[in-house]
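Reviewing the structure listed below.
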Amino acid sequence: MRLLPILPAAVAAAISLAAPGAALADSPVVIDGGDDDMRDTLHELLPDRDAPTSLFDAERIGEEAAGRAMVWLRSEGYYGAIVTPEATEAPPVARLVIEPGPRFSFAASQLEYAGSAPDAGTALQAQRALAIVPPG
Numbered sequence: 335m336r337l338l339p340i341l342p343a344a345v346a347a348a349i350s351l352a353a354p355g356a357a358l359a360d361s362p363v364v365i366d367g368g369d370d371d372m373r374d375t376l377h378e379l380l381p382d383r384d385a386p387t388s389l390f391d392a393e394r395i396g397e398e399a400a401g402r403a404m405v406w407l408r409s410e411g412y413y414g415a416i417v418t419p420e421a422t423e424a425p426p427v428a429r430l431v432i433e434p435g436p437r438f439s440f441a442a443s444q445l446e447y448a449g450s451a452p453d454a455g456t457a458l459q460a461q462r463a464l465a466i467v468p469p470g
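Note that this note's numbering numbers the sequence shown so that position 125 is 459, with each residue one more than the last.
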């Protein structure tokens with residue numbers, strides 16, 4: 335019977351299709367603070383990697399994640415945000431504590447001159463220099 339030699343290979347193939355691959359996991363960083371949308375976005379921005387295996391790994395992963403989080407928070411107007419990386423040893427876990435603070439927004443600039451106003455050409459150049467640049 336030729337079926338018996340093929341059976342183990344077929345079973346192994348079926349098991350490998352049903353089980354997820356051993357590829358890198360999502361980011362192992364635990365994020366505390368901020369709202370759900372902020373945490374979800376930060377998790378999407380962090381690189382996929384395996385969980386830390388030591389305190390050193392957890393510290394390294396946490397520091398890298400903190401830097402990425404700060405860049406994103408500032409790009410979204412959270413200029414006063416505080417991001418604190420934490421790491422634990424048993425089990426090794428990288429954690430970010432996010433305090434976003436207020437979200438800054440900017441209004442159109444307005445020039446006020448001390449003394450007399452400059453000539454019309456100079457005033458126009460100053461207004462153009464301070465104009466808000468449209469996105470894109």
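Glycine included, C-beta positions come from ideal geometry on N, C-alpha and C. Keep in mind that this is a model prediction, so the values were computed, not measured.
Less than 8 Å between the C-beta atoms of residue i and residue j, yes or no?
| i | j | result |
| --- | --- | --- |
| proline 426 | threonine 387 | yes |
| alanine 403 | proline 362 | no |
| proline 434 | leucine 458 | no |
| aspartate 366 | leucine 430 | yes |
Please check the pair residue i and residue j, which I expect to be a contact at CB under 8 Å, by giving their CB distance rounded to whole angstroms.
| i | j | result |
| --- | --- | --- |
| alanine 392 | alanine 421 | 4 Å |
| valine 417 | isoleucine 432 | 6 Å |
Residue i lies in the beta strand (DSSP E); which residues open and close that run?
| i | result |
| --- | --- |
| leucine 430 | 427-433 |
| alanine 421 | 416-422 |
Span of the alpha helix (DSSP H) holding residue i?
| i | result |
| --- | --- |
| alanine 442 | Looking at the DSSP string, alanine 442 is not in any alpha helix (DSSP H), and its letter there is neither H nor E. |
| glycine 411 | It is not in any alpha helix (DSSP H) - glycine 411 carries neither H nor E in the DSSP assignment. |
Margin query: For the structure I just gave you, are there three or more beta carbon pairs, one from the segment 373-393 and one from the segment 441-451, closer than 8 Å?
Written below: With a cut-off of 8 Å, the segment 441-451 and the segment 373-393 do not count as touching, because too few Cβ pairs lie within range.
Item checked: Inside the segment 353-402 only - beta strand (DSSP E) runs reaching at least 3 residues -> With a minimum length of 3 residues, the continuous beta strand (DSSP E) runs that stay inside the segment 353-402 are 364-366.
Check: Does the pairing of the segment 402-416 with the segment 446-457 give three or more beta-carbon distances under 8 Å?
Finding: Remark: fewer than three beta-carbon pairs, one from each stretch, lie closer than 8 Å, so the segment 402-416 and the segment 446-457 are not flagged as touching.
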